[in-house]
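Below is one structure, written out as structure tokens; the observations come after it.
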Amino acid sequence: MSASIPALTAPRERPGSRISLVPLLIIAGSLVAYAIAALVTGQMAQLSLDGLIGVLQRTVALGIVALGQTLVILVRSIDLSVAPLVSVGAVMASWIMQGDPARMIGACLFVLALSACVGVLNGVIITRLMVNPLIATLGVGLVLQGILSASFANFAGSVPEEFQVFAYGTVGPLTFSIILMFALAVLAWLMLGHTRLGAHIYATGGNQEGARLAGIKTGRVTVIVHVLCSVAAGLTGLYLASRLRAGAPWVGRDGVYDLESIAAVVIGGTVLAGGRGGVWGTIAGVILFGCLDAIFTMSGVNAYIKQVLRGAIVVAAVAAYAYRTKGQVA
Amino acid sequence: MSVSAASVTRFDPLRLLRRIHPAYFALVVLLGIVTIYNPSFLTPTGIMNFLRRAAPLCIVSIGEMFVLVSGGFDLSLGSLITLTVMGSALMINNDPGLTWGAIAAVYAIGMASGLFNGLVVSYLKVPSIIVTLGALLSLKGIALAWSGGSPQGYLPDNFRQFGRMTLTDIPVLQVLPVAVIVLVIAVALCAWVFHGTTFGRLVLITGDNPRAAEVAGARVRGIRIVAFIISALSAVTAGILLGGFAGPAQDVGDGYELQAIAANVLGGTQLLGGRGSVAGVVAGALTLTALFMVLNFMGLPKPLRDAVQGAILVIAVAYSVRRRKWG
């Protein structure tokens, strides 16, 4: 009796707080491929610190969305409304600001609050109306994109110079936005590994019924996670508005943030069935995509062929993880 | 005892009404509204034109149903439609002699696409959402790379006849568009395969409980692969009709995968598998087409129609969940 108690109460490794080797391997592999491409095409400038930071800079938008998507997938949900929401965030930010620095804070708060509302809507449709998360977020995304495209045909408004600091301002060699992405990753990592909410997220995704019977309010956890994901998408919209100097209703769709964020999460080792994974894998997946994009650009691949390859790479990368799955997958 | 038994068997028109899927009521109401806007709708010509317009969506939706019922999703259909139309135009390039060869070629492309989706889902265990979203990107990319990004080539009349030609002087019906003949053949074929063959039963069982189907000896992988192939072939068929309607365009298929899923949801197909019927899906697709017509009459721009479609998708699924749970 006494022998079995220590075994039961021995501190178990917290899920999510452990950093596995796989993300490091993915990052190393993508950087090596990137370096080889730069050497083969003779574009040595790409190998400088500036070149590498440029690659990192292009991962920021996808990175922030993918961090939110990681949380959603950890509770065994999914969010296909992120791409339209990124567009909504970008357009609303620049439309409200109209180049006036005094409206910056108000516009940012409005976009983040609106995103949070979309997150609540997603979460409530999934948990209360019990609609399949795929259809719920697809439907909400269609509604968002439809209203946005009907109201705005092109770039709307503009952001003031001061707001462009968000995307272009630097601290030493790094830009604010790169620092923001890593800061958010650290926050998410701490939240997942060291807070009650983090433990509840893993429990809900691992076994929803079990978690519910253990007293966890799984519905509330799912809603919170959807709010966090939507706010991340809204933040990405703000970043794109700052980077492009104005928002247009197609910036989210053109970035394919829905599919690519899901792919980055899965490549990073978070399973679509929920309950297992973490943020560093996702960051590695995002860096892999950034390096691939840079390699395509360096080797001058036609834009349409690039699209074909992206689709194929997403499928191949997920397959690399998934083929060991036991049982049938639909 | 006998009292309760009698109360159960008592004729109750309300109960009977509730058993009919609401998509049929919605269809009747919407067709009524269309008739108010356009009184000539209720003539044989008006109805035939409506069916002709609905034919591509009906066909794709039935194909999608096979995948949905087997437990997956097929999001690649819209891009496959685009590839079919653009590819045919490029291969034929206004030489009517090449039409039949091109049709064979696009069916082969569709077969390959469905086979690829099915193989990756079944053997590499990649969830079908990811595979078919990847295929959506890749197929559209192939269509654009092949044509250089703008609609190229030209579809001759003997290709466009499937979508455009109408037979006249038909008894009773007066007119009979070729697209409606294609629709009737496709519906009959799929209804037979789904409701009349062992394969159809196996698709249902696979979607309902893949593990149980496997234990019972069903070849789940092969069934899933065939479902994806049927779905892809339906998209090619719809593409041939749409090419006849409008000629080559690079956005001709955009959004069809979502409309097909919406039509399925309206028609009572259960997402993640196990339930569905060809008649229901046809009703769903007709309802959606009628709804688009009404929104069009009301002067709503295309983006708002997409928004309405999104809302309907969510409401229809929420309703069907409620219906299953509380009868």
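Protein chains in written order, with the numbering used here: chain F, 13 to 342; chain L, 51 to 377. Here a beta-carbon is modelled for each residue, glycine too, at the ideal position from N, C-alpha and C.
Buried versus exposed call for residue i [16 or more other C-beta atoms within 10 Å across all chains shown]
{"i": "L/I131", "result": "buried"}
{"i": "L/R210", "result": "buried"}
{"i": "F/I213", "result": "buried"}
{"i": "L/I235", "result": "exposed"}
{"i": "L/T218", "result": "exposed"}
{"i": "F/A306", "result": "buried"}
{"i": "F/A329", "result": "buried"}
{"i": "L/I180", "result": "buried"}
{"i": "F/P23", "result": "In this prediction, F/P23 has a pLDDT of 45, which is less than 50 and means its spatial position is unreliable; what the coordinates show is noted afterwards. When all chains shown are included, F/P23 counts as exposed."}
{"i": "F/M56", "result": "exposed"}
{"i": "F/D266", "result": "exposed"}
{"i": "L/W150", "result": "exposed"}
Cβ distance (whole Å) where residue i is taken to contact residue j below 8 Å
{"i": "L/L283", "j": "L/Y173", "result": "Actually they do not touch by this definition, with Cβ atoms about 21 Å apart."}
{"i": "F/A102", "j": "F/L252", "result": "5 Å"}
{"i": "F/V123", "j": "F/L250", "result": "6 Å"}
{"i": "F/A275", "j": "F/V326", "result": "4 Å"}
{"i": "F/L97", "j": "F/G246", "result": "6 Å"}
{"i": "F/L284", "j": "F/V291", "result": "With a Cβ gap of about 16 Å, F/L284 and F/V291 do not count as contacting."}
Test item: CB-CB of residue i and residue j under 8 Å
{"i": "F/G286", "j": "F/I117", "result": "no"}
{"i": "F/V152", "j": "F/V136", "result": "no"}
{"i": "F/L92", "j": "F/L141", "result": "no"}
{"i": "L/T287", "j": "L/A104", "result": "no"}
{"i": "L/L140", "j": "L/W196", "result": "yes"}
{"i": "L/G257", "j": "L/S120", "result": "yes"}
{"i": "F/Q319", "j": "L/L101", "result": "no"}
{"i": "F/A215", "j": "F/I228", "result": "yes"}
{"i": "F/T3", "j": "F/T149", "result": "Since the first residue shown for chain F is 13 and the last is 342, residue 3 of chain F is missing from the structure and cannot be characterised."}
{"i": "L/I280", "j": "L/G113", "result": "yes"}
{"i": "L/V253", "j": "L/C108", "result": "no"}
{"i": "L/R41", "j": "L/G122", "result": "Any property of residue 41 of chain L remains undetermined from this structure, which presents chain L solely from 51 to 377."}
{"i": "F/L121", "j": "F/C241", "result": "no"}
{"i": "F/P185", "j": "F/L61", "result": "yes"}
{"i": "F/S106", "j": "F/A168", "result": "yes"}
{"i": "F/V155", "j": "L/A296", "result": "no"}
Proximity test, Cβ basis, 8 Å: residue i and chain F
{"i": "L/A185", "result": "yes"}
{"i": "L/L345", "result": "no"}
{"i": "L/D356", "result": "yes"}
{"i": "L/V170", "result": "yes"}
{"i": "L/Q309", "result": "no"}
{"i": "L/G195", "result": "The residue you asked about is not Gly; residue 195 of chain L is Ala in the sequence shown. L/A195 counts as touching chain F."}
{"i": "L/I179", "result": "yes"}
{"i": "L/P351", "result": "yes"}
{"i": "L/S111", "result": "no"}
{"i": "L/L64", "result": "no"}
Residues that residue i contacts on chain L, provided the C-beta gap is smaller than 8 Å
{"i": "F/T337", "result": "K175"}
{"i": "F/G280", "result": "Those do not exist, as F/G280 stays about 14 Å from chain L at its closest Cβ, beyond 8 Å."}
{"i": "F/V11", "result": "This structure leaves residue 11 of chain F out entirely; chain F is present only between 13 and 342."}
{"i": "F/I137", "result": "V364, A368"}
{"i": "F/I317", "result": "G191, A195"}
{"i": "F/A334", "result": "L174, K175, V176, P177"}
Contact set between residue i and chain F, taken where Cβ atoms lie within less than 7 Å
{"i": "L/I192", "result": "V320"}
{"i": "L/S200", "result": "Those within 7 Å of L/S200 in chain F number zero; the least Cβ separation is about 11 Å."}
{"i": "L/L233", "result": "Result: empty, since nearest Cβ-Cβ is about 26 Å, beyond 7 Å."}
{"i": "L/L321", "result": "N144, I147"}
Residue i at chain L interface by Cβ criterion, 8 Å
{"i": "F/Q157", "result": "yes"}
{"i": "F/S161", "result": "yes"}
{"i": "F/V130", "result": "no"}
{"i": "F/V341", "result": "yes"}
{"i": "F/N219", "result": "no"}
{"i": "F/N314", "result": "yes"}
{"i": "F/A276", "result": "no"}
{"i": "F/I85", "result": "no"}
{"i": "F/L271", "result": "yes"}
{"i": "F/V330", "result": "yes"}
{"i": "F/L304", "result": "no"}
{"i": "F/L79", "result": "no"}
{"i": "F/L300", "result": "no"}
Listed by chain order, chain L residues near residue i by CB distance under 7 Å
{"i": "F/M142", "result": "V371"}
{"i": "F/V327", "result": "V170, V176, I180, V181, G184"}
{"i": "F/L284", "result": "P177"}
Chain F residues whose Cβ lies nearer than 9 Å to that of residue i
{"i": "L/G360", "result": "L150, G151, V152, G153, L154, V155, L156, Q157, G158"}
{"i": "L/L127", "result": "Correct list: empty, because the minimum Cβ distance to chain F is about 15 Å."}
Any non-hydrogen atom of the ligand MN closer than 7 Å to residue i Cβ
{"i": "F/T309", "result": "Annotation note on the ligand MN: not contained in the displayed structure, which lists no ligands."}
Proximal chain F residues relative to residue i, where beta-carbon distance stays under 8 Å
{"i": "L/L15", "result": "Within the shown structure, residues of chain L are numbered from 51 to 377, placing residue 15 of chain L beyond reach of any answer."}
Contacts that residue i makes with chain L (C-beta to C-beta distance below 9 Å)
{"i": "F/G323", "result": "L183, G184, A185, L186, L187, S188, L189, K190, G191"}
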